[in-house]
Amino acid sequence: MPPVFRFAPSPNGYLHLGHACSALLNFDLARQAGGRFLLRIEDIDPARCRPDYEAAIYEDLAWLGLSWEEPVRRQSDCLADYGSALGQLTAQGLLYPSFESRSEIARLVAERDAVGTWPRDPDGAPLYPGSAKLISPDERARLIESGAPYALRLDMAAASEKAGELTWIDRGEGPGGEAGIVVAHPQAWGDVILARKEAPTSYHLSVVVDDALQGVTEVVRGQDLFHATGVHRLLQHLLDLPFPAYRHHRLIRDDLGRKLSKSTRSTGLRELRAAGATPADISRLVNLP
Ligand code: GLU
Numbered sequence: 011m012p013p014v015f016r017f018a019p020s021p022n023g024y025l026h027l028g029h030a031c032s033a034l035l036n037f038d039l040a041r042q043a044g045g046r047f048l049l050r051i052e053d054i055d056p057a058r059c060r061p062d063y064e065a066a067i068y069e070d071l072a073w074l075g076l077s078w079e080e081p082v083r084r085q086s087d088c089l090a091d092y093g094s095a096l097g098q099l100t101a102q103g104l105l106y107p108s109f110e111s112r113s114e115i116a117r118l119v120a121e122r123d124a125v126g127t128w129p130r131d132p133d134g135a136p137l138y139p140g141s142a143k144l145i146s147p148d149e150r151a152r153l154i155e156s157g158a159p160y161a162l163r164l165d166m167a168a169a170s171e172k173a174g175e176l177t178w179i180d181r182g183e184g185p186g187g188e189a190g191i192v193v194a195h196p197q198a199w200g201d202v203i204l205a206r207k208e209a210p211t212s213y214h215l216s217v218v219v220d221d222a223l224q225g226v227t228e229v230v231r232g233q234d235l236f237h238a239t240g241v242h243r244l245l246q247h248l249l250d251l252p253f254p255a256y257r258h259h260r261l262i263r264d265d266l267g268r269k270l271s272k273s274t275r276s277t278g279l280r281e282l283r284a285a286g287a288t289p290a291d292i293s294r295l296v297n298l299p
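When we follow my numbering, the leftmost residue of the sequence shown carries the number 11, and every step to the right adds one.
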């Protein structure tokens, strides 16, 4: 079976050099290995994703010289797939609803920070500080019945105990130089949200379900997602899905050493193109490994 690679941008802004690096690397590796290259649109966040950004992704990637298999999978078209994965996790007793608003969570974190340092996840966000796991089944049913909004969280302690130690193969390296067989640390993320009312899935859940349904065998993406792979390995295990090999590549940084963001104008592909850059210039700029 030929290896299957994918590039999976979110249409919440225009692509920049960091995306070009990932997309070109996936495309080149697929070609070298006689493999397949897929494009996936990760558009589960209705508040931030826009059709014009999606159109710009196709245009910019085609300009770079990439081609991909059709039809393109768009996550917003696949909510039923994520729903059935949530059903499997619910059946295992590994999900619970939490009803706090964002501001309530911020207040709880501030309270805990006042008496010590409340732990942060690898992206620097505070772990879930609430105690919704302890709400009685009757009270839970009452709150849901009342229409109170909630997020579904993974009971990380129960899930990681059930799974035991998990590893993945990294053909690239993590931010600390980790490579080869890497031990997953999903616990570092606490009780992650797997679905919200406004988006009945999450990045972690949909990426894992999609990679499996699309038969992806090689996940090539930036080092900023290295630690998230621990959660992905855990979900793959719990959902009994095959797991791909990973290659986390170094990030392109701006002159101040910061990770590029979609608002970093000077490194946007559209801006560079307007300023006369060619696709060959972009390949040179991203200095592919
Ligand atoms: N959609 C994610 C992003 O744009 C990438 C997901 C992945 O490659 O796993 O950062």
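Here a beta-carbon is modelled for each residue, glycine too, at the ideal position from N, C-alpha and C.
For clarity, every value in this text was computed on a predicted model and none was experimentally measured.
>> My output table needs one value for V82: the three-state DSSP class, helix, strand or coil.
In response: coil
> Would you say P19 touches ligand 1, meaning its beta carbon is less than 6 Å from a heavy atom?
Replying inline: yes
> With distances taken between CB atoms, is the gap from V241 to H258 smaller than 7 Å?
Replying inline: no
> Can you list, in chain order, the stretches of the beta strand (DSSP E) that have 3 or more residues and sit fully within the segment 130-187?
Replying inline: 161-164 and 177-180
>> Quick check on DSSP: helix, strand or coil for H237?
In response: coil
>> Quick check on the DSSP output: the alpha helix (DSSP H) that includes F37 runs from which residue to which?
In response: L27 to Q42
>> Looking at the secondary structure, which residues open and close the beta strand (DSSP E) in which S77 lies?
In response: S77 -> no beta strand (DSSP E), and no H or E assigned at all.
>> To the nearest angstrom, how far is the alpha carbon of W78 from that of F47?
In response: 6 Å
>> My output table needs one value for G225: the three-state DSSP class, helix, strand or coil.
In response: coil
> What three-state label does DSSP hand Y63 in the structure shown?
Replying inline: helix
>> Do D221 and P254 count as a contact pair if the criterion is CB distance below 7 Å?
In response: yes
> Does DSSP put P107 in a helix, a strand or coil?
Replying inline: strand
>> Based on DSSP bridge pairs, tell me the residues matched to V14.
In response: R46
> Taking just the CA atoms, how far does E69 sit from A40?
Replying inline: 21 Å
> Under three-state DSSP, which class holds L295?
Replying inline: helix
> When the Cα atoms are used, what is the spatial distance from R83 to G126?
Replying inline: 45 Å
> Contact between the segment 181-196 and the segment 265-279: three or more CB pairs below 8 Å?
Replying inline: no
> Who are the Cβ neighbours of A57 in its own chain at under 8 Å, not counting the five residues just before and after it?
Replying inline: E208
> Less than 7 Å separating the beta-carbons of G225 and V14?
Replying inline: yes
>> Whole angstroms are fine: how far does the CA of Y24 sit from the CA of W73?
In response: 14 Å
>> Looking at ligand 3, does it come within less than 6 Å of E69, judged from the CB to the closest heavy atom?
In response: Within the structure as shown, ligand 3 is missing, the only ligands being ligand 1.
>> In whole angstroms, give me the CA-to-CA distance for P21 and I203.
In response: 21 Å
> Which residues share a DSSP beta bridge with A255?
Replying inline: E228
> Is the CB-CB distance between T277 and H29 below 7 Å?
Replying inline: no
>> Does the distance between the C-beta of V226 and the nearest non-hydrogen atom of ligand 1 fall short of 6 Å?
In response: no
> With 16 other CB atoms within 10 Å as the buried threshold, where does E155 fall?
Replying inline: exposed
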